[in-house]
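Participant: Sharing a structure with you now.
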Amino acid sequence: MVTVLPPPKTGQTTVSELMAQALKGVCHLVVKPIQKQSAIAVRFWSLYKHFVITWTVVKVVVGKRPDWLYLVPDSGIGMWGSVVSALVARLGGVRLLAHHHVFAYCRQRRLSASVFFWIAGRRSRHIVLGRKMVDGICEHYGPGIDTVILSNRLFFVDETGQALKPWPASIRRIGFLSNITQEKGIAAFMELCSTVPINATIAGPAGNLNTQAAIDWFVGELPDRRSYLGPVYGEAKKDFFDSIDMLVFPTRYKNEAEPLVVYEALDRGIPVLATPMGCIPDQLPTEGVAPSVDEFVFWAAAQIAQWPAKAPQCWVDAFEPSSESLDKTLQRIVVE
Numbered sequence: 003m004v005t006v007l008p009p010p011k012t013g014q015t016t017v018s019e020l021m022a023q024a025l026k027g028v029c030h031l032v033v034k035p036i037q038k039q040s041a042i043a044v045r046f047w048s049l050y051k052h053f054v055i056t057w058t059v060v061k062v063v064v065g066k067r068p069d070w071l072y073l074v075p076d077s078g079i080g081m082w083g084s085v086v087s088a089l090v091a092r093l094g095g096v097r098l099l100a101h102h103h104v105f106a107y108c109r110q111r112r113l114s115a116s117v118f119f120w121i122a123g124r125r126s127r128h129i130v131l132g133r134k135m136v137d138g139i140c141e142h143y144g145p146g147i148d149t150v151i152l153s154n155r156l157f158f159v160d161e162t163g164q165a166l167k168p169w170p171a172s173i174r175r176i177g178f179l180s181n182i183t184q185e186k187g188i189a190a191f192m193e194l195c196s197t198v199p200i201n202a203t204i205a206g207p208a209g210n211l212n213t214q215a216a217i218d219w220f221v222g223e224l225p226d227r228r229s230y231l232g233p234v235y236g237e238a239k240k241d242f243f244d245s246i247d248m249l250v251f252p253t254r255y256k257n258e259a260e261p262l263v264v265y266e267a268l269d270r271g272i273p274v275l276a277t278p279m280g281c282i283p284d285q286l287p288t289e290g291v292a293p294s295v296d297e298f299v300f301w302a303a304a305q306i307a308q309w310p311a312k313a314p315q316c317w318v319d320a321f322e323p324s325s326e327s328l329d330k331t332l333q334r335i336v337v338e
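The opening position of the sequence shown corresponds to residue 3 in my numbering, with each subsequent residue numbered one higher.
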């Protein structure tokens with residue numbers, strides 16, 4: 003298993019860390035973690051990451067000759083780095099187990115992804131997050147690719163060990179939690195709060211100084227009703243979810259696949275309103291997904307204004323944990 007683990011702390015690296023822990027229970031696993039060192043500048047991180055991953059893959063393939071090589075294909079130009087790693091595995095006769103977290107190349111055919119799937123070959127296996135990713139891969143890269151669905155939801159079954167929050171009869175406070183960028187929808191969240199008179203809490207690290215300034219202005223406009231918590235982990239994240247009635251996630255991020263924060267909210271009984279990016283329509287009932295990214299603010303404002311006093315069955319079902327077994331799913335992936 004050659005992959006990036008926290009730090010940095012993202013949805014992808016979090017799942018990779020959980021995947022490493024889970025795989026140890028079903029097979030003999032050798033983990034070769036790639037982690038960002040504080041001394042590495044952000045602008046050099048991608049180049050450094052792919053150099054280290056490629057060199058580590060060479061050492062693993064030549065020195066250990068594993069049955070499987072677990073990799074997480076990158077996005078954008080970084081996919082070419084993943085192509086090199088796949089080529090090393092193919093030349094070394096090692097089967098590739100690719101865990102896909104990027105939806106952009108499932109939505110639209112990309113040359114780098116085409117080369118990656120071609121080099122990976124028919125003996126490779128591809129873990130995807132939902133049916134929409136399977137459909138996109140089959141449409142753009144061929145129907146014979148071996149895909150298996152492993153939803154991120156399986157990593158959050160019984161994680162909190164606590165009862166669900168009571169259904170909110172009305173929405174008094176909404177929350178936004180993410181690595182905060184424009185692509186993740188912070189502007190739409192702020193616009194929604196200006197459209198609907200409602201309390202709001204923002205949490206997560208600001209992506210840059212301009213985003214931080216926008217958050218400060220937003221909170222300073224109505225400081226008695228709006229707050230910014232900064233990055234939240236552990237108990238601080240739990241307190242964030244305890245303080246809100248609804249999570250609002252208006253992402254327009256092109257690589258968005260199956261965001262963990264949606265499952266974190268659902269596992270606590272907190273309803274979510276989100277855009278139809280990636281596999282989000284598979285995560286939420288229809289009532290929780292906007293018709294389009296551009297219509298989100300108007301649609302979400304109407305949803306909040308018309309909020310039902312009692313939980314509809316679709317939301318009750320959404321709060322139920324998955325009945326699938328993570329161990330059995332992993333056994334099927336690496337053994338069969």
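Quick reminder that beta carbons are idealized off the backbone N, C-alpha and C, glycines included.
1) Taking only three categories from DSSP, how would you classify residue 259?
2) Determine the contact status of residue 317 and residue 287, defining contact as a CB-CB distance below 8 Å.
3) Using a Cβ-Cβ cut-off of 6 Å (strictly less than) and excluding sequence neighbours within five positions of residue 6, which residues of its own chain qualify?
4) Which stretch, first to last residue, makes up the beta strand (DSSP E) that contains residue 135?
5) Just list the residues that DSSP pairs residue 34 with in beta bridges.
6) Which of the three DSSP states is assigned to residue 146 in this structure?
7) Taking the alpha-carbon positions, what's the residue 226 to residue 261 distance?
8) In this structure, does DSSP put residue 248 in helix, strand or coil?
9) Using 8 Å as the cut-off, can you tell me whether the stretch 48-63 makes contact with the stretch 273-285, which would need three or more C-beta pairs spanning the two stretches below that distance?
10) Which residues mark the beginning and the end of the alpha helix (DSSP H) in which residue 339 is found?
11) Are there three or more Cβ pairs, one per stretch, closer than 8 Å when the stretch 140-149 is compared with the stretch 209-218?
12) Measuring CA to CA, which of 27, 187 and 235 is closest to residue 256?
13) When the Cα atoms are used, what is the spatial distance from residue 74 to residue 203?
14) Any idea if residue 30 is buried or exposed, counting beta-carbon neighbours within 10 angstroms, 16 or more meaning buried?
15) Which residue or residues does DSSP assign as beta-bridge partners of residue 104?
16) Enumerate in chain order the residues of its own chain whose CB-to-CB distance from residue 109 is below 7 Å, with the five nearest sequence positions on each side excluded.
17) Out of 32, 103 and 57, state which residue places its alpha-carbon closest to the alpha-carbon of residue 68.
18) I'd like to check one pair, residue 114 with residue 82: are the Cβ atoms closer than 8 Å?
19) Taking C-alpha atoms, which residue in 335, 90, 336 and 323 lies nearest to residue 155?
20) Do residue 177 and residue 151 come within 8 Å of each other at the CB atom, strictly closer than that value?
21) Rounding to the nearest angstrom, what Cα-Cα distance links residue 162 and residue 93 in this structure?
22) Let me check one thing: in DSSP terms, what residues is residue 203 bridge-paired to?
23) May I ask you to list the residues that DSSP assigns as paired with residue 99?
24) Can you pull the DSSP bridge partners for residue 275?
25) Within a Cβ cutoff of 6 Å, which residues of the same chain sit near residue 182, ignoring the five residues on either side of it in sequence?
26) Considering only the beta carbon of each residue, do residue 135 and residue 102 sit closer than 8 Å?
27) Please report the distance separating the alpha-carbon of residue 87 from that of residue 56.
28) Taking Cβ positions, are residue 302 and residue 311 nearer each other than 8 Å?
29) Any idea if residue 180 is buried or exposed, counting beta-carbon neighbours within 10 angstroms, 16 or more meaning buried?
30) Assuming residue 157 contacts residue 62 under a Cβ cut-off of 8 Å, what Cβ separation, rounded to an integer in Å, is found between them?
31) What is the residue span of the alpha helix (DSSP H) that residue 222 lies within?
32) Quick check: the Cα distance between residue 72 and residue 3, rounded to an integer number of angstroms?
33) Cutting at 8 Å between CB atoms, please list the residues of its own chain near residue 289, excluding the five before and the five after it.
34) Consult DSSP for residue 291 and reduce its assignment to one of helix, strand or coil.
Facilitator: By the coordinates alone:
1) coil
2) In this structure, residue 317 places its C-beta atom within 8 Å of the C-beta atom of residue 287.
3) 15 and 36
4) That residue, residue 135, is in no beta strand (DSSP E); its alpha helix (DSSP H) goes 133-143.
5) According to DSSP, residue 34 bridges with 4.
6) When secondary structure is reduced to three states using DSSP, residue 146 falls in the coil class, being assigned neither helix nor strand.
7) 30 Å
8) strand
9) Counting C-beta pairs closer than 8 Å gives fewer than three between the stretch 48-63 and the stretch 273-285, which falls short of the contact rule.
10) This structure leaves residue 339 out entirely; the chain is present only between 3 and 338.
11) no
12) 187
13) Residue 74 and residue 203 have their C-alpha atoms some 33 Å from each other.
14) Residue 30 is exposed by the Cβ-count criterion.
15) Its beta-bridge partners do not exist; DSSP assigns none.
16) Cβ neighbours of residue 109 beyond the five flanking positions: 138.
17) 32
18) Residue 114 sits close to residue 82, with the two beta carbons spaced by under 8 Å.
19) 323
20) no
21) Low per-residue confidence applies at residue 162: pLDDT is 47, beneath 50, and the placement is therefore not dependable enough to give any value.
22) Within the DSSP bridge table, the entry for residue 203 names 177 and 229 as partners.
23) 72 and 127
24) 250
25) 188, 206, 208, 209 and 213
26) The answer is yes: Cβ separation under 8 Å.
27) 5 Å
28) With a cutoff of 8 Å on beta-carbon distance, residue 302 and residue 311 are scored as not near each other.
29) buried
30) So it is not a contact: roughly 24 Å between Cβ atoms.
31) 211-223
32) 5 Å
33) 305, 314, 316 and 317
34) strand
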